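In our numbering, the protein residues as written are 1 to 203.
The structure is reproduced here in structure tokens:
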């Protein structure tokens with residue numbers, strides 16, 4: 001366990017392997033995503049659009065393979081997981097309106113089928129908060145904690161106490177502003193219903 005949580009990752013392959021090992025060993029995962037539905041919760045068409053949009057250089061056949069792998073990750077996650085997603089992500093039509101409807105339906109289905117999963121929405125129009133700095137994921141296992149932060153050109157896994165404390169504090173602030181799980185699901189379902197009606201009304 002120490003090699004995954006504490007060992008440095010020199011290459012991209014080692015970095016991905018280390019992240020996968022941490023995710024597999026974690027007993028709790030907390031994910032904040034202000035822009036899109038988190039990868040662990042993505043439906044296939046939505047995932048294809050997200051992967052292709054983030055890196056146009058990836059061949060289409062690789063995009064499909066990566067998206068398929070991404071959709072299976074939630075079934076492999078053994079940890080309890082809490083996701084907080086900004087409300088704006090519910091309206092961003094990655095892959096088109098039909099793909100977004102499918103994605104919202106997947107959110108509702110996954111939440112219903114995964115008892116260890118909690119899904120919450122951060123509503124629009126609230127005050128400034130630390131999550132505006134970008135997405136992050138907190139992992140916890142056997143007293144150890146790690147943070148994963150990703151940007152367009154780089155990503156980092158850190159277990160430094162000061163870093164973990166800063167992101168844990170940011171998470172607590174975001175969590176305090178988020179809708180309850182019940183209200184979050186109601187908002188997702190209402191958004192899905194509105195999109196479905198708009199699709200049916202199109203000539």
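We treat Cβ as the ideally placed atom computed from N, Cα and C, and that holds for glycine.
Just so we're clear, the structure is a prediction, and the values are computed from it rather than from any experiment.
Item	Value
Start-end ranges of the alpha helix (DSSP H) lying completely within the segment 145–173, minimum 4 residues	none
Inter-residue Cα distance where the pair is residue 113 and residue 51	25 Å
Which listed residue (21, 27, 196) has its alpha carbon closest to that of residue 117	27
Nearest candidate by alpha-carbon position, reference residue 150, set 34, 162, 98, 141	34
Residue 106 versus residue 79: straight-line alpha-carbon distance, rounded	19 Å
Top-ranked residue by Cα proximity to residue 198, from 39, 60, 97	97
Per DSSP, cross-strand counterpart(s) of residue 86	122
6 Å Cβ shell around residue 73 - same chain, five flanking residues per side excluded	40
Buried versus exposed, by CB contacts within 10 Å (16 or more), residue 18	buried
Proximal residues to residue 137 (C-beta, below 6 Å), its chain only, five neighbours per side dropped	31, 148
Burial state of residue 37, where buried means 16 or more other Cβ atoms lie within 10 Å	buried
Start and end residues, beta strand (DSSP E) containing residue 140	136–141
Residue 162 versus residue 122 - alpha carbon distance	25 Å
Inter-residue Cα distance where the pair is residue 179 and residue 173	12 Å
Cut-off 6 Å between Cβ atoms - residues of its own chain near residue 82, not counting five sequence neighbours on either side	30, 118
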